[in-house]
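J.:
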Amino acid sequence: MNAETERAKPQEFRKEDIGGNAQMESYGLYYSEQPVEADANGKSWYTRNQTLIVNYIEAAPGAVFARQGQVDEYMVMVPDENTPYKVSTLGETGQGAGHQVIIMPPGDSEISLPEGGRIVRLFTTRSDDLKAKCANADAYAEPHSDVAPFKPWPAPSSGYKLRIYDLWKERKGGFWGALRCSTMMISFPPPVLEARDRSRMSPHSHADFDQCSLLLQGSVIHHMRWMWGLDLNEWREDVHALVHSPSAMMIPAQVIHTTERLGSTRMGDVFAPPRLDFAMREGFFANADEYPLPEEATA
1 MNAETERAKP
11 QEFRKEDIGG
21 NAQMESYGLY
31 YSEQPVEADA
41 NGKSWYTRNQ
51 TLIVNYIEAA
61 PGAVFARQGQ
71 VDEYMVMVPD
81 ENTPYKVSTL
91 GETGQGAGHQ
101 VIIMPPGDSE
111 ISLPEGGRIV
121 RLFTTRSDDL
131 KAKCANADAY
141 AEPHSDVAPF
151 KPWPAPSSGY
161 KLRIYDLWKE
171 RKGGFWGALR
181 CSTMMISFPP
191 PVLEARDRSR
201 MSPHSHADFD
211 QCSLLLQGSV
221 IHHMRWMWGL
231 DLNEWREDVH
241 ALVHSPSAMM
251 IPAQVIHTTE
261 RLGSTRMGDV
271 FAPPRLDFAM
281 REGFFANADE
291 YPLPEEATA
């Protein structure tokens with residue numbers, strides 16, 4: 001095996017491999033990291049990028065997770081079936097059996113899980129108290145100049161309220177689309193049952209926003225490449241990071257990336273705020289009629 005082949009071989013990802021560059025990738029490896037919180041409610045991990053906070057939770061039976069005075073809309077994903085829950089906000093209540101996404105309005109709200117289970121809460125980095133809990137907070141101690149300042153989209157046409165959707169479901173020609181609110185979007189398609197065809201990868205980059213890839217089942221290799229600048233001392237080798245589930249990967253703006261599934265996986269992407277290019281695709285968002293487009297859409 002020559003040196004080039006050896007360097008490209010995927011390696012088990014280790015946190016100590018991360019350097020101090022402001023445009024480094026960042027990970028939440030929930031299968032190997034100690035939880036940030038461990039108490040009667042269960043175990044919680046927090047990971048962030050420039051605009052988004054992921055709170056992955058393995059809840060104990062009877063757990064309750066509340067927000068008081070929440071500054072903006074946030075999402076709660078209950079990814080698995082047979083995960084009963086109850087939610088309440090100011091003046092509203094709801095419940096479900098799992099495999100759903102909940103959009104919580106600003107203000108006070110809570111979710112309870114009588115039988116426990118997995119949930120993922122998704123917030124913007126406007127929630128200052130949660131930013132401080134993120135295990136990778138040091139990576140964002142200074143704003144990344146490549147990422148555009150966070151700007152929420154317009155409020156929903158019918159006002160802020162509790163909203164509950166299926167995570168996905170079959171429809172003519174495919175599956176129920178992605179979901180968005182005023183602060184973020186989630187695209188979490190059905191499980192993929194086989195490894196990705198290595199002759200059909202999709203390397204791409206994003207000019208001014210980060211991507212969060214959330215992996216809830218299986219293993220993948222995240223392939224990343226950094227563009228060369230004038231300073232050779234800042235050039236980076238390509239990264240081929242083998243990660244398992246559950247995990248969240250934060251891909252910086254301008255980094256060329258693609259993900260290789262190694263078998264059956266459940267994986268989706270989260271962006272904050274929603275992506276305008278996706279919003280301009282007819283039918284991409286299942287709840288597009290509830291949330292107006294920003295002014296930039298008609299500019």
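The numbering of the sequence shown is full-length UniProt numbering, which starts it at 1 and goes up by one.
Here a beta-carbon is modelled for each residue, glycine too, at the ideal position from N, C-alpha and C.
Remember, it's a predicted structure, so these values are computed and weren't measured experimentally.
Helix, strand or coil for Ala40? Go by DSSP, reduced to three states.
T.: DSSP places Ala40 in coil when its eight states are reduced to three.
J.: Our contact map puts Met249 next to Glu25 with C-beta atoms below 8 Å; I'd like the distance itself, whole angstroms only.
T.: Going by Cβ atoms, the distance from Met249 to Glu25 rounds to 7 Å, so yes, they are a contact pair.
J.: Taking the alpha-carbon positions, what's the Val71 to Cys181 distance?
T.: Each residue's Cα considered, the two are about 14 Å apart.
J.: With contact counted as at least three CB pairs below 8 Å, one residue from each stretch, are the stretch 59-67 and the stretch 103-114 in contact?
T.: Counting Cβ pairs under 8 Å, three or more are found: they touch.
J.: What's the gap between the Cα of Tyr140 and the Cα of Gln50?
T.: Going by the C-alpha atoms only, they are around 7 Å apart.
J.: Within a Cβ cutoff of 6 Å, which residues of the same chain sit near Ser187, ignoring the five residues on either side of it in sequence?
T.: Closer than 6 Å at the Cβ level, and outside the excluded window around Ser187, lie Ala178, Gly268, Asp269.
J.: Do you know offhand how far Ser157's Cα is from Pro292's?
T.: Roughly 7 Å separates the two Cα atoms.
J.: What residue does the alpha helix (DSSP H) around Leu130 start on, and which one ends it?
T.: 128-131 is the extent of the alpha helix (DSSP H) around Leu130.
J.: In angstroms with no decimal places, state the Cα-to-Cα distance between Pro79 and Asn233.
T.: Cα-Cα distance, rounded: 43 Å.
J.: Return the chain-ordered ranges of every alpha helix (DSSP H) run that is complete within the stretch 90-154 and spans a minimum of 4 residues.
T.: Listed in chain order, they are 128-131.
J.: Buried or exposed, going by whether 16 or more other CB atoms sit within 10 Å of the CB of Gln100?
T.: Under this definition Gln100 is a buried residue.
J.: Pull up the distance between the alpha-carbon of Glu81 and that of Ala97, whole angstroms please.
T.: Distance between the alpha carbons of Glu81 and Ala97 is about 6 Å.
J.: Which residue wins for smallest C-alpha separation from Thr184, given the options Ala40, Met75, Trp45?
T.: Correcting the residue identity first, residue 184 is Met in this sequence and not Thr. Measuring from the Cα of Met184, the nearest candidate turns out to be Met75.
J.: Starting from Cys212, follow its DSSP beta bridges and name the residues at the other end.
T.: Paired residue(s): Met250, Val270.
J.: Excluding five sequence neighbours on each side, which residues of the same chain lie with their C-beta closer than 7 Å to the C-beta of Ala22?
T.: Model confidence at Ala22 stands at a pLDDT of 39, short of 50, so the residue's coordinates are unreliable; what they give is reported in the following sentence. These residues qualify, in order along the chain: Glu142, His144.
J.: Counting only the same chain and skipping the five closest in sequence on each side, list residues whose C-beta sits under 7 Å from that of Trp228.
T.: Correct list, in chain order: Trp235.
J.: Mapping DSSP to helix, strand and coil, what is Asp231?
T.: Of the three classes helix, strand and coil, the one that applies to Asp231 here is coil, per DSSP.
J.: Terminal residues of the continuous beta strand (DSSP E) containing Ala279?
T.: Careful: Ala279 lies outside any beta strand (DSSP E), inside the alpha helix (DSSP H) at 276-279.
J.: What does DSSP give as the partner residues of Val54 in its beta bridges?
T.: Per DSSP, Thr47, Leu122.
J.: Taking the Cβ atom as the reference point for each residue, do Val54 and Val120 lie within a distance shorter than 8 Å?
T.: Taking 8 Å as the Cβ cut-off, Val54 and Val120 qualify as a contacting pair.
J.: Could you name the residues that DSSP lists as bridge partners for Met201?
T.: Answer is none; Met201 lacks a bridge partner.
J.: Could you check which residue in Pro274, Glu33, Ala279, Pro190 has the C-alpha nearest to that of Arg266?
T.: Answer by Cα proximity: Pro190.
J.: With a 10 Å radius around its C-beta and 16 neighbouring C-beta atoms as the bar for buried, classify Gln68 as buried or exposed.
T.: With fewer than 16 other Cβ atoms within 10 Å, it is exposed.
J.: Taking Arg261 as the reference, give the member of Ala241, Ile221, Glu296 with the closest Cα.
T.: Per the Cα distances, Ile221.
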